[in-house]
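Each residue of the sequence shown is one higher than the one before, counting from 453 in the working numbering.
Note that beta-carbon positions come from the ideal geometry of N, C-alpha and C, so glycine has one too.
Predicted model only: the values in this text are computed from it and were never measured.
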Amino acid sequence: MIRTLLLTLPLLLATHCATSSKRRNLAQEAENKRLVQAFAEEVYGQHRLERIPVYVAEDFVDLSEGAPENARGPAYLRAQEEASLHELPGLQFRILHLLAEGDLVHMHWKAEGPVSPLLDETAEAKAKPPPLELTGHTLFELKKGRIVASWSVVDTLGLMLQQGFKVLPPVPEPPPKPAKP
453 MIRTLLLTLP LLLATHCATS SKRRNLAQEA ENKRLVQAFA EEVYGQHRLE RIPVYVAEDF
513 VDLSEGAPEN ARGPAYLRAQ EEASLHELPG LQFRILHLLA EGDLVHMHWK AEGPVSPLLD
573 ETAEAKAKPP PLELTGHTLF ELKKGRIVAS WSVVDTLGLM LQQGFKVLPP VPEPPPKPAK
633 P
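1. For the segment 505-515 against the segment 590-604, do three or more pairs of beta-carbon atoms, one drawn from each stretch, fall closer than 8 Å, so that the two count as touching?
2. Excluding the 5 residues flanking His549 on each side, which residues of the same chain have their C-beta closer than 6 Å to its C-beta?
3. Per DSSP, what are the beta-bridge partners of Ala589 in this structure?
4. Once the 5 residues before and after Gly588 are set aside, which same chain residues still bring their CB inside 7 Å of it?
5. For Leu458 and Glu585, I'd like the C-alpha separation in whole angstroms.
6. What does the Cβ neighbour count give for Val623, buried or exposed, with the cut at 16 atoms within 10 Å?
7. Nearest by alpha-carbon distance to Phe545: which of Pro628, Glu553, Gln615, Arg500 is it?
8. Could you tell me if Ala470 is buried or exposed, where buried requires 16 or more neighbouring beta carbons within 10 angstroms of its beta carbon?
9. With distances taken Cα to Cα, identify the nearest neighbour of Val557 among Lys474, Pro628, Leu487.
10. Cα separation between Leu461 and Arg476?
11. Following the continuous alpha helix (DSSP H) through Arg546, name the residue where it begins and the one where it ends.
12. Could you please give me the residues that DSSP links to Arg524 through a beta bridge?
Structure representation (structure tokens):
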């Protein structure tokens with residue numbers, strides 16, 4: 453019995469030390485989720501770009517791969533969305549999943565609609581453009597009820613394949629030349 457207690461005590465202490473003392477604020481996480489959902493539905497779904505400053509902080513920064521150095525503030529986000537609406541008019545946005553933990557909210561989304569003639573200028577595309585499907589994930593960071601940062605990953609390969617691009621296998625390396633005797 454004493455041996456069991458002596459063996460179990462270090463395990464219990466180690467388990468207790470490994471747990472976080474920080475408690476999750478579930479009410480704040482739910483509010484952050486609600487804010488991101490409202491932002492996405494209004495700005496991306498309804499194209500109400502005038503609502504961007506309601507949700508996005510002045511010091512907002514887009515930390516996505518390939519985002520320019522000046523990817524900051526509500527004005528940048530508005531310009532980015534205006535360009536998207538110009539290139540892909542008629543795209544319908546919807547949220548597939550929304551998860552929150554602490555001050556972070558993850559959104560898995562899908563946008564569907566016709567291909568813009570700006571992307572495909574063939575006669576066939578102009579006559580009856582094929583449907584386009586774009587999927588992605590965006591992680592938002594919130595502070596004091598405002599979006600301060602975002603990181604997006606978009607399935608660009610899927611988009612390119614829908615546009616008719618082909619994935620080619622890599623060109624094999626030429627065999628080594630035999631050594632001269």
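Well, looking at it:
1. yes
2. His560
3. Per the sequence shown, the amino acid found at residue 589 is His instead of Ala. Answer is His560, Val605.
4. Trp561, Ser604, Val605, Val606, Asp607
5. Caution applies to Leu458, whose pLDDT of 47 falls short of 50 and renders its modelled position unreliable; the value that the coordinates give is listed next. Taking the straight line joining both Cα atoms gives about 60 Å.
6. exposed
7. Arg500
8. With a pLDDT of only 49 at Ala470, under 50, the local geometry of the prediction cannot be trusted, and the value read off the model is given with reservation. With fewer than 16 other Cβ atoms within 10 Å, it is exposed.
9. Leu487
10. Its pLDDT being 49, under 50, Leu461 is placed unreliably in this model, and the coordinates cannot settle the point.
11. Unbroken run through Arg546 is the beta strand (DSSP E), 544-553; no alpha helix (DSSP H).
12. Val513
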